[in-house]
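Under our numbering, the first residue of the sequence shown carries the number 220, and numbering increases by one thereafter. From the three backbone atoms N, C-alpha and C, an ideal C-beta is built for every residue, glycine too.
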Amino acid sequence: MARLVPLILCLLLVTPASATIKLLVYDYPPLVQINRQAKPTGHAIDLVTPLFLQAGVQYQFVKLPLKRAIQQAAQHKNTCTFPVFRTQRREADFRWIGPISVNRFGLYSLAENNHQLVTLNDAKAHKIGVYAGSAVANYLTDNGFSTYETSSIAQGLQMLKHGRIEFWVADIQSIQQASSLVGEQQLTPSLSFYTSMSFMACNLSSDAQDLDALEAQLKTMYLTGQAQQLLHLSF
């Protein structure tokens with residue numbers, strides 16, 4: 220029996236290994252840029268990677284379209300997805316960590332179209348391309364706009380280039396990269412109309428200690444200015 224005591228004490232002192240959190244990401248430059256073979260890159264990746272390392276939480280990136288990512292994060296333990304816009308309809312479905320970014324959206328068109336908008340309501344007469352599953356897509360649809368959802372930014376920009384839509388909704392941070400995807404034609408800002416913050420949406424059954432550690436570490440990163448620097452924010 221005496222020989223068993225040291226073994227029992229050792230077992231009691233062992234700390235259970237932290238679960239690996241699956242991070243479901245989708246192509247949304249400049250916050251997240253999906254590369255075929257390499258690890259995802261982008262401003263949000265630059266923030267989330269040191270966030271997990273400094274919080275001591277293991278993670279693994281998995282690439283999925285936004286709608287599937289949100290569904291899987293809601294259904295599977297120790298699964299999160301980002302960047303996700305926090306809306307009333309999603310609020311109770313996730314544990315939210317953030318903000319991961321601050322986004323300002325506008326309506327953009329090809330320069331040759333010469334569309335003039337004074338108010339957002341002026342855009343109701345036009346076809347608007349939006350990223351499927353995004354909060355701004357829900358906002359426009361709920362308010363009676365004619366929206367066409369796409370599964371990727373590249374798809375939406377090709378629709379704009381070929382005249383299938385007249386406006387593309389874009390995060391102002393990403394518009395320079397978006398312009399390069401449509402060739403030599405430049406995107407013209409028509410109206411800025413929507414500001415929101417994006418978050419990391421985590422499954423409610425995920426390890427609470429891990430999520431608490433991430434939340435506390437992110438707060439520290441904002442207080443020290445590290446988060447703002449990584450996200451290229453001016454506030």
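C-alpha distance - residue i paired with residue j, whole-angstrom precision
i           : j           : result
residue 244 : residue 329 : 29 Å
residue 282 : residue 322 : 22 Å
residue 269 : residue 344 : 45 Å
residue 403 : residue 431 : Unreliable placement is indicated for residue 403, whose pLDDT of 44 sits below 50; the coordinate value is still reported in the next sentence. Their backbone Cα atoms lie some 47 Å apart in a straight line.
residue 312 : residue 424 : 11 Å
residue 278 : residue 267 : 10 Å
residue 252 : residue 371 : 11 Å
residue 428 : residue 333 : 53 Å
residue 335 : residue 326 : 11 Å
residue 375 : residue 448 : 30 Å
residue 296 : residue 422 : 6 Å
residue 337 : residue 276 : 48 Å
residue 415 : residue 306 : 10 Å
residue 339 : residue 426 : 43 Å
residue 444 : residue 262 : 15 Å
residue 308 : residue 446 : 27 Å
residue 409 : residue 357 : 20 Å
Proximity to residue i [Cα-Cα], best of the options
i           : options               : result
residue 436 : 321, 378, 271 and 241 : 271
residue 319 : 259, 353, 301 and 289 : 301
residue 459 : 280, 275 and 267      : Residue 459 is absent from the model: the chain starts at 220 and stops at 454.
residue 417 : 317, 349 and 433      : 317
residue 350 : 341, 410, 384 and 332 : 384
residue 355 : 374, 296, 284 and 387 : 387
residue 239 : 294, 264, 289 and 298 : 298
residue 249 : 410, 382, 391 and 414 : 391
residue 241 : 446, 414 and 420      : 420
residue 274 : 360, 434 and 310      : 434
residue 452 : 254, 265, 361 and 247 : 265
DSSP bridge partner residues for residue i (one or two, in chain order)
i           : result
residue 386 : 347
residue 240 : 278
residue 260 : 252
residue 247 : 251
Where the beta strand (DSSP E) through residue i begins and ends
i           : result
residue 314 : 314-329
residue 368 : 366-369
Continuous alpha helix (DSSP H) stretch holding residue i: start and end
i           : result
residue 303 : Residue 303 -> not in any alpha helix (DSSP H); beta strand (DSSP E) instead, spanning 298-304.
residue 413 : Counting along the chain, residue 413 falls outside any alpha helix (DSSP H), though it belongs to the beta strand (DSSP E) covering 406-421.
residue 447 : 445-450
residue 338 : No alpha helix (DSSP H) contains residue 338, which DSSP labels as neither H nor E.
residue 376 : 372-380
residue 311 : Neither: residue 311 is in no alpha helix (DSSP H) and is coded neither H nor E.
residue 294 : 285-294
residue 426 : No alpha helix (DSSP H) contains residue 426, which DSSP labels as neither H nor E.
residue 362 : Run containing residue 362: none; DSSP gives neither H nor E here.
C-beta neighbour in chain B for residue i, strict 8 Å
i           : result
residue 250 : The structure shown contains no chain B, having only a single protein chain.
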